[in-house]
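Novice: Sharing a structure here in structure tokens format.
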Amino acid sequence: MTSIPRDTFAACSSLTGITLPDGITSIGYDDFSGSGLTSLTLPNSVTTLANSSLADCKSLTSLYIPDSVTYLGEWALSNCTSLTSVRLPAGITTLPMRLFENCISLETCIIPSGVTQMQDAFRFCRSLKTVTIPVSVTQIASGTFYGCDSLTDVYYGGTALQWSQIEMGGLNEGLDHATLHFAEPVAGFTDVTTGDYYADAVQWAVNQKVTTGTGANTFSPANSVTRAEAVTFLWRAAGSPAPASSASPFTDVTDPSAYYYHAVLWAAEQGITGGVGGGMFDLSSSLSYDQIFTFLCRAAGESATGDDWSAAAVNWAQSSGLTEGLNFSAKANCPRADVVYCLWKQLGASA
């Protein structure tokens, strides 16, 4: 089964949780509408949330939508009155009509880069205080922010001139009372701007020589972090100490001139990672959030072990304050931005 037929769990008020199998690609029309769900994590195979698929889930407080989702239907999350924040998937290009209508507890929303059109998605989101709008947006439809009486800050990813060129519909009085914050590049990166939740972390990481980016003027914040990048970030954050041995224990780590070589050796010596087995380190594989938290935990001299190492790592990260401000799922790939954000929270935020 790759899709859930329409109305399958509609009005199931006693349904508070469900685990969806990998392979599901579509959440159908009204599938969970009016159900008693309190939290939901969609698998990374899902690409579509149909119209009203999660509407009227009034007890829903936690929702993870993976970046595999490229289509959000109209009214998909309307009347989810307990939601305070939602991380939208990176692959969407339109905020559909009435997406969050009457989500009266929604306080903040970051619209992903790549969205070009915003329909009247936030009608009557009366608690909405902050919204981040990317420079890719060319149209904000009539009524998009109608009834958003608490909106105080709008963080725009472009300049004032670019904002003035957006096709703006009427009935957007919520914008009139908000302070507009226009972006400036951070640390010389054109893809990191003031207003991004990770902006201070990236600036700190550059200042501390934890990262130099992925190109002359790019950081690639949304790219999933690789194992090679992750241990290099940790190694540099520790001051780039020389490993005790110059001999690699891994058959796929053989070039002493590679940027990650000494970082991998150091991480292995410190017990941060032992590779993936079979003498391999697997440099280019992506890391999930729980794996990153495990690396960070071990680098801090702590232990995330036991029958459920994933839960132990997540609990450690949460209790250490590293995840404050993040919307994540333990098994989802961790983007580069969130790795430096956690490092910054651990080492630099209070410095």
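Here the sequence shown stands for residues -8 to 342, numbered as in our numbering. Ideal Cβ placement from N, Cα and C applies to all residues, glycine included.
Indicate the three-state DSSP secondary structure (helix, strand or coil) for residue 253 in the structure shown.
Specialist: Position 262 of the sequence shown holds residue 253. In this structure, residue 253 counts as helix in the three-state DSSP scheme.
Novice: Note down, in chain order, each residue of its chain lying with its Cβ closer than 6 Å to the Cβ of residue 94, except the 5 sequence neighbours on either side.
Specialist: As a position in the sequence shown, residue 94 is number 103, starting the count at 1. Within the same chain, residue 94 has close Cβ partners 71, 74, 116.
Novice: Going straight from the alpha carbon of residue 306 to that of residue 153, what length do you get?
Specialist: If you number the sequence shown from 1, residue 306 lands on position 315. If you number the sequence shown from 1, residue 153 lands on position 162. Each residue's alpha carbon lies about 42 Å from the other.
Novice: Kindly indicate the opening and closing residues of the beta strand (DSSP E) around residue 100.
Specialist: Residue mapping note: residue 100 aligns to position 109 of the sequence shown, counting from 1. Per DSSP, residue 100 belongs to the beta strand (DSSP E) from 99 to 101.
Novice: State the start and end residues of the unbroken alpha helix (DSSP H) segment that holds residue 305.
Specialist: Taking the sequence shown and counting its residues from 1, the one referred to as residue 305 is at position 314. 300 to 310 is the extent of the alpha helix (DSSP H) around residue 305.
Novice: Let's see if you can read the secondary structure: which residues bound the alpha helix (DSSP H) around residue 140?
Specialist: Mapped onto the sequence shown, residue 140 falls at position 149. Counting along the chain, residue 140 falls outside any alpha helix (DSSP H), and DSSP gives it neither H nor E.
Novice: Report all residues from its chain with a CB closer than 6 Å to the CB of residue 165; omit the five preceding and five following residues, and keep chain order.
Specialist: To locate residue 165, count along the sequence shown from 1; it is residue 174. Answer for residue 165: 136, 139, 142, listed in chain order.
Novice: Cutting at 6 Å between CB atoms, please list the residues of its own chain near residue 31, excluding the five before and the five after it.
Specialist: Looking up residue 31 in the sequence shown gives position 40. So the list reads 54, once near-sequence residues are dropped.
Novice: Taking three-plus beta-carbon pairs below 8 Å as touching, is the region 283 to 291 in contact with the region 237 to 245?
Specialist: Segments in contact, no.
Novice: Going by DSSP, what residue range makes up the beta strand (DSSP E) through residue 171?
Specialist: Sequence index remark: in the sequence shown, residue 171 carries index 180 (1-based). Its beta strand (DSSP E) spans residues 170 to 173.
Novice: Fully enclosed by the region 58 to 113, which alpha helix (DSSP H) runs are 4 residues long or longer?
Specialist: The qualifying runs do not exist here; there are none.
Novice: Starting from the Cα of residue 78, find the closest Cα among 58, 92, 69 and give me that residue.
Specialist: Along the sequence shown, read from residue 1 onward, the residue named residue 78 stands at position 87. When only C-alpha atoms are compared, the closest one is 58.
Novice: Any chance the region 218 to 235 sits against the region 248 to 255, with 3 or more Cβ pairs inside 8 Å?
Specialist: These segments touch.
Novice: Tell me the DSSP bridge mates of residue 31?
Specialist: Taking the first residue of the sequence shown as 1, we reach residue 31 at position 40. Paired residues: 54.
Novice: In three-state terms, what does DSSP make of residue 342?
Specialist: In the sequence shown, residue 342 corresponds to position 351, counting from 1. Caution is warranted here: a pLDDT of 47 is assigned to residue 342, below 50, making its placement in the model unreliable, and the coordinate value is therefore given only provisionally. Coil, per DSSP.
Novice: If I follow the unbroken alpha helix (DSSP H) through residue 191, where does it start and stop?
Specialist: Residue 191 sits at position 200 when you count from the first residue of the sequence shown. Where residue 191 is concerned, the enclosing alpha helix (DSSP H) stretches over 190 to 198.
Novice: With residue 145 as the anchor, note down where its alpha helix (DSSP H) starts and where it stops.
Specialist: The sequence position of residue 145 within the sequence shown is 154, counting from 1. Residue 145 -> not in any alpha helix (DSSP H); beta strand (DSSP E) instead, spanning 144 to 147.
Novice: Out of curiosity, what's the CA-to-CA distance linking residue 342 and residue 15?
Specialist: Within the sequence shown, the letter at position 351 stands for residue 342. Within the sequence shown, the letter at position 24 stands for residue 15. Interpretation of residue 342 is limited by its pLDDT of 47, a score under 50 that renders its predicted location unreliable; the figure taken from the coordinates is listed afterwards. If I take the Cα positions, the gap works out to 45 Å.
Novice: Spatial neighbours of residue 218 within its chain, please: CB distance less than 7 Å, with the 5 preceding and 5 following residues excluded, ordered by chain position.
Specialist: The count along the sequence shown starts at 1 and reaches residue 218 at position 227. So the qualifying residues of the chain are 272, 273, 274, 276, 278.
Novice: I need the DSSP call for residue 225, collapsed to helix, strand or coil.
Specialist: To locate residue 225, count along the sequence shown from 1; it is residue 234. It is helical.
Novice: Is the region 142 to 151 touching the region 173 to 190, taking contact as three or more C-beta pairs under 8 Å?
Specialist: With a cut-off of 8 Å, the region 173 to 190 and the region 142 to 151 count as touching, because enough Cβ pairs lie within range.
Novice: From residue 263 to residue 283, what distance separates their C-alpha atoms?
Specialist: Position 272 of the sequence shown, counted from the start, is the residue given in the question as residue 263. Position 292 of the sequence shown, counted from the start, is the residue given in the question as residue 283. Each residue's Cα considered, the two are about 10 Å apart.
Novice: Would you mind stating whether residue 67 and residue 86 have Cβ atoms separated by less than 8 Å?
Specialist: The count along the sequence shown starts at 1 and reaches residue 67 at position 76. The count along the sequence shown starts at 1 and reaches residue 86 at position 95. The answer is no: Cβ separation not under 8 Å.
Novice: With a threshold of 8 Å on Cβ separation, who are the neighbours of residue 13 within its own chain once the five nearest residues in sequence on each side are excluded?
Specialist: Numbered from its first residue, the sequence shown carries residue 13 at position 22. So the qualifying residues of the chain are 34, 35, 36.
Novice: Which class does residue 118 belong to by DSSP, given the choice of helix, strand or coil?
Specialist: Here residue 118 corresponds to residue number 127 of the sequence shown, with the count starting at 1. Coil at residue 118, not helix or strand.
Novice: Using DSSP bridges, identify the partner residues of residue 350.
Specialist: Because the chain spans -8 through 342 in this model, residue 350 falls outside it and cannot be assessed.
Novice: Going by DSSP, name the residue or residues bridged to residue 40.
Specialist: Counting from one through the sequence shown, the residue named residue 40 turns up at place 49. Bridge partners of residue 40: 18, 63.
Novice: Please report the residue range of the beta strand (DSSP E) in which residue 181 lies.
Specialist: Start at 1 with the first residue of the sequence shown, and residue 181 comes out as number 190. Segment 180 to 184, the beta strand (DSSP E) holding residue 181.
Novice: What residue does the alpha helix (DSSP H) around residue 344 start on, and which one ends it?
Specialist: The displayed coordinates of the chain run from -8 to 342. Any statement about residue 344 would go beyond what the structure contains.
Novice: Quick check on this structure: which residue in 267, 179, 129, 298 has the alpha carbon closest to the alpha carbon of residue 157?
Specialist: As a first step, residue 157 must be located in the sequence shown, where it is residue number 166. Nearest of 267, 179, 129, 298 to residue 157, Cα basis: 129.
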